[in-house]
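Per this note's numbering, the very first residue in the sequence shown carries number 863; after that it's consecutive. These notes concern the structure reproduced below.
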Amino acid sequence: MYLFKRSNKVYYIRYINNAGKVAILSTGKKSKAEAGMFLNEFKQKQKELPSSITLKALIFQFLKRSEYTHTAKTQRVLKGTFKFLQGFINPETLINQITSNELRQYLESRLRN
């Protein structure tokens with residue numbers, strides 16, 4: 863994670879995001895001192911972010927929160943859908959490791975059945 867300056871004289875932060883990809887974020891600052899303070903705050907926020915959760919944990923959290931907004935019938939449908947998903951993708955897989963290709967394959971298999 864480091865600062866760099868573009869030709870528009872604004873400092874940017876280049877870092878590796880949770881998905882393992884290079885990301886660039888504008889600090890919006892033209893002063894190196896202010897950009898450095900922004901970088902320190904950004905590092906602090908990155909430390910506070912929770913690490914990626916598993917598919918199983920995400921489904922549990924979603925169903926827990928949806929109890930208040932969905933009917934019992936909708937809850938049953940959601941549970942069934944998530945059960946099929948967990949049969950297709952390992953429930954212990956981290957969310958940020960699930961690819962769009964895997965989800966596309968899951969949807970295609972559901973449409974066939």
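For glycine and all other residues, C-beta sits at the position ideal for the given N, C-alpha and C.
Proximity below 8 Å, CB of residue i to CB of residue j
{"i": "I951", "j": "Y930", "result": "no"}
{"i": "I900", "j": "K891", "result": "Note that residue 900 is Phe in the sequence shown here, rather than Ile. Against a cut-off of 8 Å, the Cβ pair of K891 and F900 comes out as a contact."}
{"i": "L914", "j": "I957", "result": "Looking at the sequence shown, residue 914 is not Leu but Ser. The answer is yes: Cβ separation under 8 Å."}
{"i": "F946", "j": "R972", "result": "yes"}
{"i": "L920", "j": "T955", "result": "no"}
Sequence-distant residues of the same chain with beta carbon closer than 7 Å to residue i, five excluded per side
{"i": "E964", "result": "I951"}
{"i": "A897", "result": "L865, Y873, T889, K891"}
{"i": "P953", "result": "T916, L917, K918"}
{"i": "K941", "result": "L925"}
Own chain residues within Cβ distance below 6 Å of residue i, not counting five before or after
{"i": "L887", "result": "I875"}
{"i": "K867", "result": "Y873"}
{"i": "K871", "result": "K892"}
Same chain, Cβ closer than 8 Å to residue i, five either side skipped, listed in chain order
{"i": "L911", "result": "N880"}
{"i": "I878", "result": "M863, V884, A885"}
Contact belief for residue i with residue j at Cβ below 8 Å, rounded distance in angstroms
{"i": "K894", "j": "Y864", "result": "About 12 Å; that fails the 8 Å criterion."}
Ranges of the alpha helix (DSSP H) found wholly within the stretch 868–912, counting only runs of at least 4: 894–910
Contact between the stretch 934–953 and the stretch 911–926 is defined here as three or more beta-carbon pairs at a separation below 8 Å; is this criterion met? yes
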